[in-house]
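Numbering (my numbering), first residue to last: 1 to 397. Every residue, glycine too, gets a C-beta built ideally from N, C-alpha and C. Computed from a predicted structure; not experimentally measured. Since the structure comes first, as structure tokens, the remarks are kept for the end.
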């Protein structure tokens, strides 16, 4: 059964970063293509317009060709110890606690009795995932070195070819680093004037985005459509909307630190599920992860429509960190004729009887004698849901 949840979204984002692979290079490495001037270049001297140039942090500056010498540096950090919106490092973000680079301690949200790091149990315990500086002003043709102090980050353009709204100058290719490990770096040359918004694919929803302003240019973003060209979401959206990252302010300041942003811009836009057991399927008692503080009851049921019948259905809420809420069940076609489309509608209500929303799952071409296992994903917290109605509708042309 498909699980369409936040974790799957994060996983897809990680795959996006992995798909844009550059060459991990030492002195003799690099990607093929063109240099900043649009001329053919030898492999060791090239910053590819789409793949950039990846290298090991141990490479000295003297080992890089002149065309690869960076003009600016941005650190990709995971700052642990204070939760989102806290300032763990100095104003430049280079010596934060945990795994953010500098001399901080080990990552994680706290040891258990054996000293092992524990996963976060609330948004306040999440680390901060940051580009430092978060806003940077450069000149056309400048090379920026993105240095990883902690692993599992990317530098990825908001670009339609990558499933995002275009938030780079028109004509700029869909550039992205691969997913890089710690003690690595990635180079990119910013040639076209304008505003470039970039993201870390695994951590975008936690606010790991950055803005590069070239030659003081203005933003000229493309149309936002969902889901094909989706814009920034969750904390990524509030970070990029912060006044400190206004392109004019970035151009004037030269660099904008993560710590310059407002606390509300850095705040997590996700909720943690309060469940006693992970991945339990649920009788709505609240003890097995399916009903919050009380049982989720069933209201009106329209279980049949013609030869269609809902033979079973169940409310489910599961997951400790990211809660997934849905109603699953089985629809059977007890007749001989095919239904061209079959739709299950689930309507959820709060404890006062107010309708929260309606959700559907749909399939096509359900032949006679066949069954369909449906899953209607619900975008509400299980704690807010007291009751749900369910019905099935079929169409035959």
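Three-state class that DSSP yields for residue i in the structure shown
i, result
"residue 317", "strand"
"residue 159", "coil"
"residue 212", "strand"
"residue 378", "strand"
"residue 24", "With a pLDDT of 38 at residue 24, under the threshold of 50, the modelled position of that residue is not reliable, and no figure is offered here."
"residue 354", "coil"
"residue 105", "Any answer about residue 105 is weak, because its pLDDT of 35 lies below 50 and its placement is not dependable; what the coordinates show is given next. DSSP places residue 105 in coil when its eight states are reduced to three."
"residue 252", "helix"
"residue 338", "coil"
"residue 259", "helix"
"residue 235", "helix"
"residue 73", "strand"
"residue 310", "strand"
"residue 177", "coil"
"residue 303", "coil"
"residue 93", "The predicted position of residue 93 is uncertain, since its pLDDT is 39 and thus under 50; a value taken from the coordinates is nonetheless stated next. Reduced to three states, the DSSP call for residue 93 is coil."
"residue 183", "coil"
"residue 243", "helix"
"residue 68", "helix"
"residue 206", "helix"
"residue 419", "Only positions 1 to 397 of the chain appear in this structure, which leaves residue 419 out of reach."
"residue 371", "strand"
"residue 383", "helix"
"residue 137", "strand"
"residue 364", "strand"
C-beta atoms of residue i and residue j nearer than 8 Å
i, j, result
"residue 182", "residue 149", "yes"
"residue 314", "residue 329", "yes"
"residue 348", "residue 356", "yes"
"residue 297", "residue 387", "yes"
"residue 179", "residue 152", "yes"
"residue 139", "residue 67", "no"
"residue 232", "residue 143", "no"
"residue 156", "residue 162", "yes"
"residue 230", "residue 164", "yes"
Between the CA atoms of residue j and residue i - distance to the nearest angstrom
i, j, result
"residue 336", "residue 207", "52 Å"
"residue 23", "residue 55", "Only weak support is given to the placement of residue 23: the predicted model assigns it a pLDDT of 38, under 50, and the value that follows is read from those uncertain coordinates. Their backbone Cα atoms lie some 8 Å apart in a straight line."
"residue 269", "residue 135", "21 Å"
"residue 397", "residue 201", "43 Å"
"residue 239", "residue 265", "5 Å"
"residue 158", "residue 131", "15 Å"
"residue 379", "residue 326", "8 Å"
"residue 362", "residue 169", "39 Å"
"residue 52", "residue 72", "15 Å"
"residue 176", "residue 225", "21 Å"
"residue 364", "residue 305", "15 Å"
"residue 389", "residue 353", "11 Å"
"residue 191", "residue 267", "33 Å"
"residue 92", "residue 57", "Bear in mind that a pLDDT of 40 at residue 92, under 50, signals an unreliable position, so the number given afterwards is only what the model happens to contain. Distance between the alpha carbons of residue 92 and residue 57: 19 Å."
"residue 350", "residue 259", "39 Å"
"residue 248", "residue 50", "27 Å"
"residue 373", "residue 310", "10 Å"
"residue 65", "residue 322", "46 Å"
"residue 184", "residue 295", "50 Å"
Close Cβ partners of residue i (< 7 Å) along its chain, the five nearest in sequence each way excluded
i, result
"residue 262", "242"
"residue 339", "308, 333, 366, 394, 395 and 396"
"residue 234", "205, 269 and 270"
Cβ distance (whole Å) where residue i is taken to contact residue j below 8 Å
i, j, result
"residue 222", "residue 174", "The pair is not a contact, with the Cβ atoms about 12 Å apart (cut-off 8 Å)."
"residue 210", "residue 74", "7 Å"
"residue 146", "residue 199", "The Cβ separation is near 12 Å, so there is no contact."
"residue 342", "residue 371", "Contact flag wrong, Cβ pair sits at about 10 Å."
"residue 236", "residue 204", "5 Å"
Own chain residues within Cβ distance below 6 Å of residue i, not counting five before or after
i, result
"residue 391", "302 and 345"
"residue 137", "213, 250, 251 and 254"
"residue 193", "140, 214, 215 and 217"
"residue 359", "346, 376 and 378"
"residue 133", "255, 256 and 257"
"residue 186", "52, 54, 146, 155 and 177"
"residue 368", "333, 335, 336 and 337"
Chain-order list of residues whose beta-carbon lies under 8 Å from that of residue i (same chain, five-residue window excluded)
i, result
"residue 292", "Its pLDDT being 40, under 50, residue 292 is placed unreliably in this model, and the coordinates cannot settle the point."
"residue 405", "Past the boundaries of the shown model lies residue 405; the chain is included only from 1 to 397, so the question cannot be answered."
"residue 245", "134, 135, 211, 239, 256 and 261"
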